[in-house]
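A.B. asks: Protein chains in written order, with the numbering used here: chain A, 28 to 261; chain B, 28 to 261.
1) Output needed in chain order: residues of the segment 148-174 of chain A with a Cβ under 9 Å from some Cβ in chain B.
2) If you reduce the DSSP assignment to three classes, tell me which class residue 30 (chain A) lands in.
3) What do you get for residue 147 (chain A), buried or exposed, if any count of 16 or more other CB atoms within 10 angstroms of its CB means buried?
4) For residue 124 (chain A), which option in A:68, A:189 and A:52 has the closest C-alpha, if you only look at C-alpha atoms?
5) In whole angstroms, what separates the C-alpha of residue 172 (chain B) from that of residue 171 (chain A)?
6) Quick one: complete alpha helix (DSSP H) runs, 4+ long, within the segment 191-250 of chain B?
7) How about residue 195 (chain B): is its C-beta nearer than 8 Å to some C-beta of chain A?
8) Taking residue 176 (chain A) as the query, report the chain B residues whose CB atoms sit under 9 Å from its CB, ordered along the chain.
9) According to DSSP, simplified to helix, strand and coil, what is residue 42 (chain A)?
10) Quick one: measure Cβ to Cβ for residue 84 (chain B) and residue 181 (chain B), integer angstroms, because I've assumed they're closer than 8 Å.
11) By alpha-carbon positions, which one of A:158, A:188 and A:33 ends up nearest to residue 130 (chain A)?
12) Would you kindly work out how many angstroms separate the C-alpha atoms of residue 194 (chain B) and residue 245 (chain A), rounded to a whole number?
13) Which two residues bound the contiguous beta strand (DSSP E) that contains residue 57 (chain A)?
14) What does the alpha-carbon distance come out to for the pair residue 178 (chain A) and residue 168 (chain A)?
15) By Cβ distance below 8 Å, which residues in the same chain neighbour residue 263 (chain A) in space, the five residues on each side in sequence not counted?
16) Between the alpha carbons of residue 93 (chain B) and residue 101 (chain B), how many angstroms are there, rounded?
17) If we cut at 8 Å on Cβ distances, does residue 225 (chain A) have a partner in chain B?
18) Does the beta carbon of residue 30 (chain B) come closer than 8 Å to any beta carbon on chain A?
19) Using the three-state DSSP reduction, which class does residue 146 (chain B) fall into: helix, strand or coil?
20) Which same chain residues, not among the five before or five after residue 252 (chain B), have their C-beta less than 6 Å away from its C-beta?
21) Curious, which full-length alpha helix (DSSP H) runs of at least 4 residues does the segment 136-180 of chain B contain?
22) Would you report the Cα separation of residue 55 (chain A) and residue 121 (chain A), rounded to the nearest angstrom?
23) Could you name the residues that DSSP lists as bridge partners for residue 130 (chain B)?
24) Given that residue 146 (chain B) touches chain A, what residues does it touch there, using C-beta distances under 7 Å?
25) Closest by CA to residue 40 (chain A), which one among A:199, A:198 and A:206?
26) Give the DSSP-derived three-state secondary structure of residue 90 (chain B) in the structure shown.
27) When the Cα atoms are used, what is the spatial distance from residue 77 (chain B) to residue 96 (chain B)?
28) Whose C-alpha, out of A:98, A:108 and A:33, is nearest the C-alpha of residue 65 (chain A)?
29) Less than 8 Å between the beta carbons of residue 42 (chain B) and residue 191 (chain B), yes or no?
30) Could you pull out every residue in the same chain whose Cβ sits closer than 7 Å to the Cβ of residue 105 (chain A), ignoring the five residues on either side in sequence?
31) Can you grab the Cα-Cα spacing for the pair residue 69 (chain B) / residue 185 (chain B), in whole Å?
32) Since residue 35 (chain A) sits in a beta bridge, which residues does DSSP pair it with?
33) Out of B:156, B:199, B:230 and B:233, state which residue places its alpha-carbon closest to the alpha-carbon of residue 217 (chain B).
34) May I have the straight-line CA-CA distance separating residue 189 (chain A) from residue 176 (chain A), to the nearest angstrom?
35) Rounded to the nearest angstrom, how far is the Cβ of residue 202 (chain B) from that of residue 32 (chain B), given a contact under 8 Å?
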């Protein structure tokens with residue numbers, strides 16, 4: 028079965044969320060006299076991500092957009108740091124930092140190469156507006172925005188991968204999930220999609236990301252340009 | 028309230044569905060020895076469009092993608108013409124003609140101008156895959172695909188306009204519906220959106236489209252480039 032569409036994880040696979048959030052948190056909080064290890068701040072915020080989504084995946088909480096979960100999680104982190112006095116406006120600004128994260132260096136060129144041969148869409152837990160803003164910020168050209176919001180559930184639920192393929196008019200086996208995370212690819216494979224692993228060894232700090240897939244995959248690449256070469260994109 | 032996003036009707040407003048369908052029907056059916064007034068064939072197919080959607084809007088039928096309605100309607104038209112012998116493969120090919128309709132001449136340049144200042148998305152009754160294919164065929168760059176499929180209902184139901192604005196992270200009043208059809212704009216205005224009318228006097232054949240809005244609108248333009256000028260896009 029020919030691959031017709033590529034769907035992408037975004038946080039970690041296309042953007043360096045950790046460095047971006049660390050930088051933005053420093054920019055907005057240090058003028059208030061607040062200081063900490065900003066990489067650790069980003070990690071603490073991200074650590075709340077899976078537990079927050081799990082409430083929705085398990086049915087404890089109805090579907091809501093990622094902005095809402097990010098905001099709840101930010102409030103938790105600020106409380107843990109004893110920074111409850113951070114004002115509402117600063118919290119809102121910080122929460123929107125997830126809308127303009129910086130991409131890994133080859134992503135724009137890699138997506139442009141891949142788009143010559145495949146339909147491209149994000150299959151992220153980020154909602155449509157967040158994906159639109161990230162694409163504008165980093166100059167990506169998606170064919171459509173798929174992922175959690177159209178499925179009304181969060182990865183790694185199978186419905187998110189399957190609804191994304193279906194929205195693009197593709198069967199799961201005509202669709203390849205591209206991600207830097209083995210658990211995401213394992214779930215995508217279980218949902219019937221092809222899989223491509225992208226090494227992002229520095230996602231969680233230097234040398235602390237995944238550089239080798241921990242699950243069988245159809246393709247394994249050092250970055251998006253390497254994947255484009257392996258797929259024969261001209 | 029500032030306008031942040033423009034959402035577009037597609038069939039008639041951005042693409043010349045009638046000429047495209049007439050040409051494609053002739054291409055696929057005349058080799059079978061079938062001949063008719065191909066513009067009238069396109070009109071007959073399109074005439075089934077509103078009644079088919081009305082079954083979904085009224086709750087008589089669950090939501091399905093436009094491909095499915097187009098196919099039912101094609102079967103009806105072929106039967107009316109006494110052309111029941113047209114084979115399954117030809118019917119499937121004909122049905123996909125809606126995925127590669129030709130744009131009005133200024134549309135690609137107009138959308139590119141408008142995209143410099145606004146988030147752009149279709150708000151069509153066409154589903155996501157159909158919109159993806161039309162965009163590829165005509166080289167449009169949407170920020171996201173909104174419309175009937177994400178709302179799970181068909182225009183002119185208010186939810187379609189409102190869900191499209193919400194998906195883009197905009198309030199209805201921050202979103203402007205762009206269409207060549209007064210009824211579409213009237214419904215969008217009732218749903219809280221701003222409205223822009225585009226004249227397409229030849230949509231239904233020479234001089235048989237709307238050249239002037241029959242409802243109050245915020246902007247009225249001769250084409251998308253004129254709209255871009257009125258909106259100050261540089």
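Cβ atoms here follow ideal geometry from the backbone N, Cα and C, with glycine treated the same way. Predicted model, so just to flag it, every value in this text is computed and none were measured.
C.D. replies: Working from what's here:
1) 148, 154, 155, 156, 157, 158, 159, 160, 162, 163, 168, 169, 170, 171, 172 and 173
2) By one-based count along the first chain, residue 30 (chain A) stands at place 3. Three-state result, residue 30 (chain A): coil.
3) Within the first chain, numbered from 1, the residue matching residue 147 (chain A) stands at position 120. With 16 or more other Cβ atoms within 10 Å, it is buried.
4) Here residue 124 (chain A) is taken as the residue at index 97 of the first chain, counted from 1. Comparing Cα-Cα distances from residue 124 (chain A) to each of A:68, A:189 and A:52, the minimum goes to A:52.
5) Here residue 172 (chain B) is taken as the residue at index 145 of the second chain, counted from 1. Here residue 171 (chain A) is taken as the residue at index 144 of the first chain, counted from 1. Going from the Cα of residue 172 (chain B) to the Cα of residue 171 (chain A) covers about 5 Å.
6) 209-217
7) Position 168 of the second chain, counted from the start, is the residue given in the question as residue 195 (chain B). Output row for residue 195 (chain B): interface = yes.
8) For the purposes of this step, residue 176 (chain A) is taken as the residue at position 149 of the first chain. Simply 177 and 194.
9) Taking the first residue of the first chain as 1, we reach residue 42 (chain A) at position 15. Three-state DSSP puts residue 42 (chain A) in a strand.
10) In the second chain, counting from the first residue as 1, residue 84 (chain B) sits at position 57. In the second chain, counting from the first residue as 1, residue 181 (chain B) sits at position 154. Indeed they touch by this definition, with Cβ atoms about 5 Å apart.
11) What you label residue 130 (chain A) is simply residue 103 of the first chain in a count that begins at 1. It is A:158 whose Cα lies nearest to the Cα of residue 130 (chain A).
12) The residue you call residue 194 (chain B) lines up with position 167 of the second chain. The residue you call residue 245 (chain A) lines up with position 218 of the first chain. Answer to the nearest angstrom: the Cα atoms are 33 Å apart.
13) Taking the first chain and counting its residues from 1, the one referred to as residue 57 (chain A) is at position 30. Run containing residue 57 (chain A): none; DSSP gives neither H nor E here.
14) The residue given as residue 178 (chain A) occupies position 151 in the first chain. The residue given as residue 168 (chain A) occupies position 141 in the first chain. One C-alpha to the other measures close to 21 Å.
15) Since the displayed chain A opens at 28 and closes at 261, residue 263 (chain A) lies outside it and no answer follows.
16) Taking the first residue of the second chain as 1, we reach residue 93 (chain B) at position 66. Taking the first residue of the second chain as 1, we reach residue 101 (chain B) at position 74. Residue 93 (chain B) and residue 101 (chain B): Cα-Cα distance of roughly 12 Å.
17) Here residue 225 (chain A) is taken as the residue at index 198 of the first chain, counted from 1. Not one chain B Cβ lies under 8 Å of residue 225 (chain A).
18) On the second chain, position 3 is the one that residue 30 (chain B) refers to. Closer than 8 Å: no.
19) Along the second chain, one-based indexing puts residue 146 (chain B) at 119. DSSP places residue 146 (chain B) in strand when its eight states are reduced to three.
20) Position 225 of the second chain holds residue 252 (chain B). Counting only Cβ-Cβ distances below 6 Å, and skipping sequence neighbours, we find 133 and 137.
21) 155-165 and 175-178
22) The residue labelled residue 55 (chain A) in the question sits at position 28 within the first chain. The residue labelled residue 121 (chain A) in the question sits at position 94 within the first chain. Taking the straight line from one Cα to the other gives about 7 Å.
23) Translated into the one-based positions of the second chain, residue 130 (chain B) becomes position 103. Per DSSP, B:42.
24) Looking up residue 146 (chain B) in the second chain gives position 119. Going along chain A in sequence order, the residues near residue 146 (chain B) (Cβ under 7 Å) are 159.
25) Numbered from its first residue, the first chain carries residue 40 (chain A) at position 13. Looking at the Cα atoms, A:206 is the closest of the given residues.
26) In the second chain, residue 90 (chain B) corresponds to position 63, counting from 1. Coil, per DSSP.
27) Within the second chain, numbered from 1, the residue matching residue 77 (chain B) stands at position 50. Within the second chain, numbered from 1, the residue matching residue 96 (chain B) stands at position 69. So the alpha carbons of these two residues sit roughly 10 Å apart.
28) Mapped onto the first chain, residue 65 (chain A) falls at position 38. Closest option to residue 65 (chain A), Cα to Cα, is A:108.
29) Counting from one through the second chain, the residue named residue 42 (chain B) turns up at place 15. Counting from one through the second chain, the residue named residue 191 (chain B) turns up at place 164. Going by C-beta atoms, residue 42 (chain B) is not nearer than 8 Å to residue 191 (chain B).
30) On the first chain, position 78 is the one that residue 105 (chain A) refers to. 111 and 113, listed in sequence order.
31) Walking along the second chain from the start, residue 69 (chain B) turns up at place 42. Walking along the second chain from the start, residue 185 (chain B) turns up at place 158. Answer to the nearest angstrom: the Cα atoms are 28 Å apart.
32) Taking the first residue of the first chain as 1, we reach residue 35 (chain A) at position 8. Answer is A:149 and A:205.
33) By one-based count along the second chain, residue 217 (chain B) stands at place 190. When only C-alpha atoms are compared, the closest one is B:199.
34) Translated into the one-based positions of the first chain, residue 189 (chain A) becomes position 162. Translated into the one-based positions of the first chain, residue 176 (chain A) becomes position 149. Using only the alpha carbons, I get a separation of about 13 Å.
35) Here the question's residue 202 (chain B) lines up with position 175 in the second chain. Here the question's residue 32 (chain B) lines up with position 5 in the second chain. Between residue 32 (chain B) and residue 202 (chain B) the Cβ distance is about 5 Å, and since that is below 8 Å, they are a contact.
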